[in-house]
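First the structure, in the form of structure tokens, and then the observations on it.
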Amino acid sequence: MNRRLPEQGAGSQTHHTCDRDAFYQGGKTITPRDVKTNGTCDLSRAVRDRIHQQLGVRVYDLEVEVSPESVVLSGRCSTFYTKQLAQHAALDVIESRSLDNRIQVHVG
1 MNRRLPEQGA
11 GSQTHHTCDR
21 DAFYQGGKTI
31 TPRDVKTNGT
41 CDLSRAVRDR
51 IHQQLGVRVY
61 DLEVEVSPES
71 VVLSGRCSTF
81 YTKQLAQHAA
91 LDVIESRSLD
101 NRIQVHVG
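Positions 1 to 108 (UniProt numbering) are the ones given, in order, by the sequence shown.
See below:
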């Protein structure tokens, strides 16, 4: 299971809302703070939206399972690089939960 690495300045309790932490969903900007207060269903949608925003259709059959402690990604893509990009996109949203990236790479 992959764990999120602490970012620079870890330990600070403030939430930053710069472009790196915000994204658009149906014309509304969503931040990690919004997701944290709205529950796991919104977190699942936020992770899917972030991955689709950054990668388009390069990850297909994407599913996001959320529990109080972790997030599981599953789906398919054609390169390991795309799998890694999807993981980093999800990590931007899930904050302190662990991430299990089960996206399968199908080459060829």
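Note that the Cβ used here is the ideal one computed from N, Cα and C, for glycine as well. Please read all numbers here as calculations on a predicted model, not as lab measurements.
Please identify the residue among the options whose C-alpha is closest to the C-alpha of residue i.
i             : options                     : result
arginine 50   : Arg102, Val107, Asp92       : Asp92
serine 44     : Val105, Leu99, Thr82, Arg76 : Leu99
aspartate 42  : Val57, Gly75, Val59, Val71  : Val71
glutamine 104 : Glu95, Val66, Arg58         : Arg58
Helix, strand or coil: which one does DSSP assign to residue i?
i            : result
threonine 44 : It should be pointed out that residue 44 corresponds to serine in this sequence rather than to threonine. In the structure shown, serine 44 sits in a helix (DSSP, three-state: H, G or I).
valine 93    : helix
Rounded to a whole number of angstroms, what is the C-alpha to C-alpha distance between residue i and residue j?
i            : j             : result
glutamate 63 : glycine 108   : 22 Å
alanine 89   : histidine 106 : 20 Å
valine 47    : serine 78     : 20 Å
leucine 85   : aspartate 61  : 16 Å
serine 74    : valine 66     : 12 Å
proline 68   : threonine 40  : 8 Å
arginine 97  : glutamine 54  : 21 Å
histidine 52 : glutamine 87  : 12 Å
At which residues does the beta strand (DSSP E) containing residue i begin and terminate?
i         : result
valine 72 : 70-77
serine 98 : 98-105
Alpha helix (DSSP H) containing residue i: first to last residue?
i         : result
valine 57 : Where valine 57 is concerned, there is no enclosing alpha helix (DSSP H), given that its DSSP letter is neither H nor E.
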